[in-house]
Amino acid sequence: MNGKKILFVSSELVPYLPENEVSLMSYETPRMVNSNGGQIRIFMPRFGNINERRHQLHEVIRLSGMNLVINDMDMPLIIKVASIPRERIQVYFIDNDEYFKRKATFTDEEGNAFPDNDERAIFFAKGVVETVKKLNWSPDIIHVHGWMASLLPLYLKKLYVDEPLFADSQIVMSVYGQGFDGTLDKDLIKKIAFDGVPEESIGALAEPNYNNLLKVAVDYADAVILAAEDIPADLEDYISKLEKPVLPFVPLQEFEEAYMNFYNTKVLK
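Numbering of the sequence shown is given in our numbering, commencing with residue 1 and proceeding in unit increments.
Right, here's the structure in full:
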């Protein structure tokens with residue numbers, strides 16, 4: 001991986017959020033690339049339950065300040081940064097008071113999903129792209145983890161298809177069993193269409209449940225990693241019919257060699 005640039009975009013990441021299958025692999029994969037000579041950037045949402053003082057987050061003024069239009073509303077983009085000291089890894093946080101100030105990730109105290117999770121996902125995807133553009137950093141691979149990051153492949157291939165910075169970037173989508181119950185807002189398809197994405201290209205999002213969201217994600221990815229053993233059968237069957245590289249699940253103890261080989265022989269071909 002010497003000199004290769006890998007952009008990691010994740011819904012969750014340890015040590016900033018509790019350990020689960022998404023947050024752990026979102027940490028282990030960039031750690032592996034970093035230790036093998038790759039250049040990395042990591043992006044995640046700045047959820048309100050992340051302790052900014054403990055993790056020493058600070059705003060990057062030169063990257064903040066723009067507005068993103070979400071469903072015809074101007075939403076200010078704030079960029080914060082922190083580092084994981086023992087790994088010398090820098091993490092960028094996408095922030096907005098309206099979407100991410102609340103002291104929780106995806107659900108309220110009663111376990112109910114936040115009604116604006118769909119707009120938070122749109123804001124996160126667009127915020128990552130606009131920030132990477134400001135950094136003028138052209139990644140060889142963009143590796144996406146977690147459902148709140150899963151609109152990124154669609155936006156890169158549709159809204160930002162003519163952006164030269166990503167012209168040669170290969171998108172890898174890691175698919176997990178850990179999703180959400182029910183559906184996102186039923187108007188998600190219209191909110192994405194507002195950005196100029198044709199509705200017929202995202203027809204599955206007419207029913208915006210976890211499986212359909214991930215189906216759209218893998219449709220627009222260049223390669224797929226099955227990152228869990230318990231992926232929903234409907235989703236796993238859909239992925240099995242894709243005509244693109246798919247890495248079957250490998251346990252954490254064996255992932256480094258498998259992922260590195262997948263990057264080098266299937267993604268960076």
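We treat Cβ as the ideally placed atom computed from N, Cα and C, and that holds for glycine.
Going by alpha carbons, who is nearest to residue 173 out of 245, 16, 87, 94?
-> For this step, residue 173 is matched to residue 173 along the sequence shown. Nearest option by C-alpha distance: 245.
Residue 5 - DSSP class collapsed to helix/strand/coil = For the purposes of this step, residue 5 is identified with residue 5 of the sequence shown, where counting begins at 1. Strand.
With a threshold of 8 Å, establish whether the CB of residue 79 neighbours any heavy atom of the ligand MN.
-> By its list of ligands, the structure shown contains no ligand whatsoever, and the ligand MN lies outside what it can speak to.
Tell me, please, which residues DSSP counts as bridged to residue 223.
-> To locate residue 223, count along the sequence shown from 1; it is residue 223. Per DSSP, 172.
Between residue 130 and residue 47, what straight-line distance do the alpha-carbon atoms span, to the nearest angstrom?
-> Here residue 130 refers to the residue found at position 130 when the sequence shown is read from its first residue. Here residue 47 refers to the residue found at position 47 when the sequence shown is read from its first residue. Near 19 Å, if we compare the C-alpha coordinates of residue 47 and residue 130.
Should residue 224 be labelled buried (16 or more other beta-carbon atoms within 10 Å of its own) or exposed?
-> The residue you call residue 224 lines up with position 224 of the sequence shown. Residue 224 is buried by the Cβ-count criterion.
Out of 149, 176, 92, 124, point me to the one whose CA is closest to residue 135's CA.
-> The sequence position of residue 135 within the sequence shown is 135, counting from 1. The option with the nearest alpha carbon to residue 135 is 92.
Using only alpha-carbon positions, find the residue among 260, 176, 191 that is nearest to residue 236.
-> Position 236 of the sequence shown, counting from 1, holds the residue named residue 236. Considering only alpha carbons, the answer is 176.
Mark residue 218 as exposed unless 16 or more other C-beta atoms lie within 10 angstroms of its C-beta, in which case mark it buried.
-> Along the sequence shown, one-based indexing puts residue 218 at 218. By the 10 Å Cβ count, residue 218 comes out buried.
Identity of the residue in 121, 141, 86, 196 nearest residue 270 by Cα = In this structure the chain extends from 1 to 269, so residue 270 is not present and cannot be described.
When the distance is taken between beta carbons, is residue 150 closer than 9 Å to residue 216?
-> The residue given as residue 216 occupies position 216 in the sequence shown. The residue given as residue 150 occupies position 150 in the sequence shown. Contact: yes.
What residues in its chain sit with their C-beta under 7 Å from that of residue 116, if we drop five residues either side in the sequence?
-> Walking along the sequence shown from the start, residue 116 turns up at place 116. Answer for residue 116: 99, listed in chain order.
Figure out for me which residue from 49, 141, 232 has the closest Cα to the Cα of residue 265.
-> Taking the first residue of the sequence shown as position 1, residue 265 is located at position 265. Nearest option by C-alpha distance: 141.
Spatial neighbours of residue 201 within its chain, please: CB distance less than 6 Å, with the 5 preceding and 5 following residues excluded, ordered by chain position.
-> Mapped onto the sequence shown, residue 201 falls at position 201. Excluding positions up to five away in sequence, the list is empty.
Count the CB pairs spanning the region 32 to 44 and the region 67 to 76 that are closer than 8 Å, and state whether there are at least three.
-> no
Under three-state DSSP, which class holds residue 160?
-> As a first step, residue 160 is located in the sequence shown; it is residue number 160 there, counting from the start. Collapsing the DSSP output to three states places residue 160 in coil.
Excluding five sequence neighbours on each side, which residues of the same chain lie with their C-beta closer than 6 Å to the C-beta of residue 102?
-> The count along the sequence shown starts at 1 and reaches residue 102 at position 102. These residues qualify, in order along the chain: 48.
Where the beta strand (DSSP E) containing residue 82 begins and where it ends | Numbered from 1 along the sequence shown, position 82 holds the residue referred to as residue 82. Its beta strand (DSSP E) spans residues 78 to 84.
Out of 154, 212, 123, point me to the one whose CA is closest to residue 44's CA.
-> Counting from 1 along the sequence shown, the entry for residue 44 is found at position 44. Among 154, 212, 123, the Cα nearest to that of residue 44 is on 123.
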